[in-house]
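Going by our numbering, the sequence shown opens with residue 91, and the numbers climb by one from there.
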Amino acid sequence: MLTSSFLKQLTYYPLIASLLIALVGYSDIAPGFKNRVKMGINSSQPLAILDKPGAVNVAQTTIGIDEKTALNSVWNLPQVRRKAREIEKLSKGRIRVASAVDSSPTESAPYYTVLVFEIHPDKSKDTIYWFRVLSSNGEIQVLDLIRNEYISLSKWNPDGR
């Protein structure tokens, strides 16, 4: 008799616990779903305005160059190539230099961010230079680490010469 009662408890308690968890979970999910449905209905009401002819202002990011062009334009800078050769020569080929696109253009930031960095033998990376390449015209700007602002290439003197 004692074993039978124990087996019933062993069977029913997990089932009851699962049912309670499901009910609590549903009560948390259901209000959020209802709110999302309301938002969808409310947000579709202004679409009736679009049936009327008229001018519409559209904000759009114009991309004149692609990611590969931005990356290549930075990598082919004489200052970057010279620094890469210098680092690889001084480290006897153990430290490599590479570049990568860190971010792509957005409405608020219409430029590619390109990093030039060292790759050490232990696979760690140290950034050497940060560049911005404007997506509209391909103009390159470099981060001045002293003033923490981007400057034009004509003002940039990485070698201090």
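Note that beta-carbon positions come from the ideal geometry of N, C-alpha and C, so glycine has one too. Here the structure is a predicted model, which means the values were calculated and not measured.
{"Query": "For Val204 versus Ala160, is the C-beta distance shorter than 8 Å?", "Result": "yes"}
{"Query": "Measure from the alpha carbon of Ala199 to the alpha carbon of each residue in Arg186, Leu224 and Ala190, then state which is nearest.", "Result": "Leu224"}
{"Query": "Jot down the residue ranges of each uninterrupted beta strand (DSSP E) in the segment 170 to 214, minimum 3 residues, whole runs only, in chain order.", "Result": "186 to 193 and 201 to 209"}
{"Query": "Along the beta strand (DSSP E) that carries Ser226, what are the first and last residues, could you check?", "Result": "No beta strand (DSSP E) holds Ser226; DSSP gives it neither H nor E."}
{"Query": "So, are the CB atoms of Glu178 and Val187 less than 8 Å apart?", "Result": "yes"}
{"Query": "Do you know how far the Cα of Ile111 is from the Cα of Ser95?", "Result": "24 Å"}
{"Query": "What are the boundary residues of the beta strand (DSSP E) that Ser244 is part of?", "Result": "First-last for Ser244: undefined, no H or E at that position."}
{"Query": "Quick one: residues in its chain with C-beta nearer than 6 Å to the C-beta of Asp234, no 5 flanking neighbours on either side, listed in chain order?", "Result": "Ile241"}
{"Query": "What would DSSP say about Ile155, mapped onto helix, strand or coil?", "Result": "coil"}
{"Query": "Between Arg184 and His210, what straight-line distance do the alpha-carbon atoms span, to the nearest angstrom?", "Result": "7 Å"}
{"Query": "Taking the alpha-carbon positions, what's the Pro168 to Lys158 distance?", "Result": "18 Å"}
{"Query": "Considering only residues of the same chain and omitting the five flanking positions on each side of Val191, which have a CB-CB separation below 6 Å?", "Result": "Glu157, Leu161, Tyr202 and Val204"}
{"Query": "For Pro195, count neighbouring Cβ atoms within 10 angstroms of its own Cβ and tell me buried if that reaches 16, exposed if not.", "Result": "buried"}
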